[in-house]
Amino acid sequence: MLISKELQEGFNAQIGHEFAASLQYVNIASYFDADSLPQLAAFFYRQAEEERVHAMKFVHYIVDAGGQVRVPGTEEPKYDFQSAKEAVQAALNWEVEVTKQINDLMDLAISQNDHIGQDFLRWFVTEQLEEVSTMDTLLSVVDRAGSNILWVEDFLARNPIVEEGQGAEE
């Protein structure tokens, strides 16, 4: 087995976190979809799919490393948002938390001198910079738009901050 029990447990927990993020983004997307905001809805539907892909990367790594996948249950994601700002802030907060989780896993892989695990996690470390930066940018645009959320729709239509499929196939 090329993965320690501790790292396997951490990766299994991360699978749950990634699936939880996917579910949270589906709820955020549907919030925007219900308000007839197609650009914001599409953005978060893509984010939901990307998080599912991230979870599956961990699944495949554990299997390839000879470990056992144990997908944990997830808490019910938030589904009731009062504003676009609240929804996007929740997404940014989530990405900051996931960054901490990935960094903790990297610390564990380093402490165990697990070079294969570190190499696998490097992609996620870089990905988290993109994720946090993207959500921070989106939150800034939402803040500047104020009560006219259609400006955010226009911004996303003209300047997609995450291209279709970016990250998901990497």
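Numbering (this note's numbering), first residue to last: 26 to 195. Just so you know, even glycine gets a beta-carbon here, dropped at the ideal spot from N, CA and C. Bear in mind that the values here come from a model prediction, so they are computed numbers and not experimental data.
Asked: Segment contact, 8 angstroms Cβ cut-off, at least three pairs: the region 55-74 with the region 121-130; Found: no
Asked: Length of the line joining the Cα atoms of N37 and Q137; Found: 17 angstroms
Asked: Q33 - DSSP class collapsed to helix/strand/coil; Found: helix
Asked: Cβ contact check for the region 107-118 and the region 78-93: 3 or more pairs under 8 angstroms; Found: no
Asked: Residue span of the alpha helix (DSSP H) that contains T162, given as start and end; Found: 140-170
Asked: Same chain, Cβ closer than 7 angstroms to L181, neighbours up to 5 away in sequence not counted; Found: Q64, L65, F68
Asked: Assumed close pair N173, K103 - CB separation to whole angstroms, cut-off 8 angstroms; Found: Actually they do not touch by this definition, with Cβ atoms about 24 angstroms apart.
Asked: Range covered by the alpha helix (DSSP H) that runs through Y20; Found: It is not possible to answer for residue 20, since the shown part of the chain is limited to 26 through 195.
Asked: S47, buried or exposed, once every other Cβ within 10 Å from all chains shown has been counted against 16; Found: buried
Asked: N-terminal and C-terminal residue of the alpha helix (DSSP H) that M131 is part of; Found: 109-136
Asked: Host alpha helix (DSSP H) of R95 (start-end); Found: Premise fails: R95 is in no alpha helix (DSSP H) and is neither H nor E.
Asked: Residue of S55, I40, E31, H79 minimising C-alpha distance to R95; Found: I40
Asked: S61 versus D89 - alpha carbon distance; Found: 43 angstroms
Asked: DSSP state of L175 mapped onto helix, strand, coil; Found: helix
Asked: Under the three-state DSSP convention, the category F180 falls into; Found: helix
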